[in-house]
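For the working numbering, add 10 to where a residue sits in the sequence shown, where the first one is 1.
Built from N, CA and C at the ideal position, the CB exists for glycine as well.
Accompanying notes for the structure given below.
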Amino acid sequence: MANLFREKLNSGRRLLGTHVNLTDYHICEMMGAVGFDYLWIDMEHCSINFNSMEMHLIAAKAAGTPTLVRVPWNDIPDIKRVLETGPDAILIPMIDNVEEARRAIDTCIYPPEGKRGYGPSRAICYGIDDAHEYVRGRYKEMLRFLQIESKNAIMELEEIARIPYVDGFILGPNDLSGSVGIPCEWWTEEVDRLIDLAIEKAHRCGKPIGLSAASTDPEILTHWFQKDVDFISAGTDIGCIVQGSRENLTVMRRLAAEYGKH
């Protein structure tokens, strides 16, 4: 089966996604129905565990929306279990150098090219699909993204991009700013230069590069959309709930003040 995320990325248009941090799988079903190009299911910074991640994948598939799963760490057991569930894309965070990048990709690729252990489940439709066909190459349809979150990773980006089966990169501006001693100050000139350099290097190597922005503030998003990135993940399910709740309460308070109690 073709990878819809890969097809969209190859279309040349900028893809629009959002982050899923809460465990309830209805969120992926709803956000998929809204029309995002893909959903970022986050296992690094929130309470989503393996079971809830898998439920999110099922719900997103029902909505016809591609999925990207960010694993907690560049760790063999974490990566392997997610691979076996068959998301459209996997993201390994906090890649700092070539050695870490190579280790991450080795974990994603079966021998003799890599060191991935065998045990797919949902990735081969629980054994209904041909397992031999999967191992012989179909598994490579999954996108393998590395998250670039340090100055050193950007300095080594071209060498990292030459590693076979690296499909692209995603920038993490907040941790990138932390790597130069100014955490969460992504708007500074130094961090902005590094982001531009990473984008330039990725494209020079023929690799797509995306960006993660938790905010939905139009001014902040305008800054990011002016960058030449290939896909952007903006906002979170938590943020949508908080923002929607605030807007609802603001309207109710205004109406309560206007009409009083009858």
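field: 9 Å Cβ cutoff met for Gly124 and Gly74
entry: Here the question's residue 124 lines up with position 114 in the sequence shown. Here the question's residue 74 lines up with position 64 in the sequence shown. No. Outside cutoff.
message: Quick check: what's the CA-CA separation for Cys194 versus Asp52?
response: Within the sequence shown, residue 194 is the residue found at index 184, counting from 1. Within the sequence shown, residue 52 is the residue found at index 42, counting from 1. Here the alpha carbons of Asp52 and Cys194 stand approximately 19 Å from one another.
task: Verify whether the separation of the beta carbon atoms of Arg24 and Val239 is less than 9 Å.
output: Position 14 of the sequence shown holds residue 24. Position 229 of the sequence shown holds residue 239. Yes, they are a contact pair.
- prompt: Using DSSP with H/G/I as helix, E/B as strand and the rest coil, what is Ile115?
  reply: By one-based count along the sequence shown, residue 115 stands at place 105. Looking at Ile115 - three-state DSSP - the assignment turns out to be helix.
message: For the region 183 to 202 against the region 158 to 173, do three or more pairs of beta-carbon atoms, one drawn from each stretch, fall closer than 8 Å, so that the two count as touching?
response: yes
query: Between Gly27, Leu153, Asn59, which lies nearest to Tyr35 when the distance is taken from Cα to Cα?
result: Reading the sequence shown from its first residue, position 25 is the one you call residue 35. Checking every option, the nearest Cα to that of Tyr35 belongs to Asn59.
- prompt: Are Ile158 and Ile105 closer than 9 Å when you measure CB to CB?
  reply: Position 148 of the sequence shown, counted from the start, is the residue given in the question as residue 158. Position 95 of the sequence shown, counted from the start, is the residue given in the question as residue 105. Remark: C-beta atoms of Ile158 and Ile105 approach each other more closely than 9 Å.
Expected contact under 8 Å - CB spacing of Phe235 and Gly220 to nearest Å: Residue 235 sits at position 225 when you count from the first residue of the sequence shown. Residue 220 sits at position 210 when you count from the first residue of the sequence shown. Not quite, the Cβ-Cβ distance comes to about 12 Å (not below 8 Å), so this is no contact.
message: Applying the 10 Å Cβ sphere with the 16-neighbour rule, what's the burial state of Ala133?
response: Taking the first residue of the sequence shown as position 1, residue 133 is located at position 123. Classification for Ala133: buried.
CA-to-CA distance, Glu169 to Asp247, given in whole angstroms: What you label residue 247 is simply residue 237 of the sequence shown in a count that begins at 1. What you label residue 169 is simply residue 159 of the sequence shown in a count that begins at 1. Distance between the alpha carbons of Asp247 and Glu169: 35 Å.
message: Here's a check: name, in chain order, each residue in its chain whose Cβ is nearer than 6 Å to the Cβ of Gly96, leaving out the five neighbours to either side.
response: Counted from its first residue, the sequence shown places residue 96 at position 86. Cβ neighbours of Gly96 within its own chain (closer than 6 Å, five residues either side excluded): Arg132, Ala133.
message: Restricting to Cα atoms, I'd like to know which of Gly45, His233, Ala99, Arg146 is closest to Arg16.
response: Taking the first residue of the sequence shown as 1, we reach residue 16 at position 6. Taking Arg16 as reference, the option from Gly45, His233, Ala99, Arg146 with the minimal CA-CA separation is Ala99.
field: Under 9 Å between C-beta atoms of Val190 and Leu167
entry: Sequence index remark: in the sequence shown, residue 190 carries index 180 (1-based). Sequence index remark: in the sequence shown, residue 167 carries index 157 (1-based). With respect to the 9 Å criterion, Val190 and Leu167 are not classified as neighbours on the basis of their beta carbons.
- prompt: Distance, Cα to Cα, Ile275 vs Gly129?
  reply: The structure shown does not extend to residue 275, since the chain spans only 11 to 272, so no value can be given for it.
Enclosing beta strand (DSSP E) for Gln157 [first to last residue]: If you number the sequence shown from 1, residue 157 lands on position 147. Going by DSSP, Gln157 is part of the beta strand (DSSP E) stretching over 153 to 158.
- request: Please report the Cβ distance between Trp50 and Thr33, rounded to the nearest whole angstrom; I am assuming they are in contact, meaning their Cβ atoms lie under 8 Å.
  value: To locate residue 50, count along the sequence shown from 1; it is residue 40. To locate residue 33, count along the sequence shown from 1; it is residue 23. Going by Cβ atoms, the distance from Trp50 to Thr33 rounds to 15 Å, so no, they are not a contact pair.
message: At the level of alpha carbons, what is the spacing between Leu26 and Asp139?
response: Reading the sequence shown from its first residue, position 16 is the one you call residue 26. Reading the sequence shown from its first residue, position 129 is the one you call residue 139. Near 31 Å, if we compare the C-alpha coordinates of Asp139 and Leu26.
message: As a quick exercise: from Phe155, Trp197, Ile86, pick the residue whose alpha carbon is nearest that of Ile180.
response: Residue 180 sits at position 170 when you count from the first residue of the sequence shown. Among Phe155, Trp197, Ile86, the Cα nearest to that of Ile180 belongs to Phe155.
message: Is the beta carbon of Ala266 closer than 9 Å to that of Cys215?
response: To locate residue 215, count along the sequence shown from 1; it is residue 205. To locate residue 266, count along the sequence shown from 1; it is residue 256. No, they are not a contact pair.
field: Identity of the residues DSSP links to His213 by a beta bridge
entry: Position 203 of the sequence shown, counting from 1, holds the residue named residue 213. The partner list for His213 (beta bridge, DSSP) is empty, contrary to what the question assumes.
- request: Determine the extent of the beta strand (DSSP E) in which Ala266 is found, giving its start and end residues.
  value: In the sequence shown, counting from the first residue as 1, residue 266 sits at position 256. From DSSP, Ala266 is part of no beta strand (DSSP E) but of the alpha helix (DSSP H) over 247 to 269.
field: Which of helix, strand or coil DSSP assigns to Ala72
entry: Here residue 72 refers to the residue found at position 62 when the sequence shown is read from its first residue. Three-state DSSP puts Ala72 in a helix.
message: According to DSSP, simplified to helix, strand and coil, what is Val190?
response: To locate residue 190, count along the sequence shown from 1; it is residue 180. Three-state DSSP puts Val190 in coil, outside helix and strand.
- request: Tell me, please, which residues DSSP counts as bridged to Trp50.
  value: As a working mapping, residue 50 is identified with position 40 in the sequence shown. Partner(s): His29, Leu78.
- prompt: DSSP three-state call for Ser225: helix, strand or coil?
  reply: The residue you call residue 225 lines up with position 215 of the sequence shown. The answer is coil: DSSP assigns Ser225 none of H, G, I, E or B.
message: At the level of alpha carbons, what is the spacing between Glu229 and Ala141?
response: What you label residue 229 is simply residue 219 of the sequence shown in a count that begins at 1. What you label residue 141 is simply residue 131 of the sequence shown in a count that begins at 1. In this model, Glu229 and Ala141 are separated by some 48 Å (Cα to Cα).
- request: Report back the beta-carbon spacing between Pro218 and Gly178 to the nearest angstrom; my notes put them in contact at under 8 Å.
  value: Numbered from 1 along the sequence shown, position 208 holds the residue referred to as residue 218. Numbered from 1 along the sequence shown, position 168 holds the residue referred to as residue 178. Confirmed, about 4 Å.
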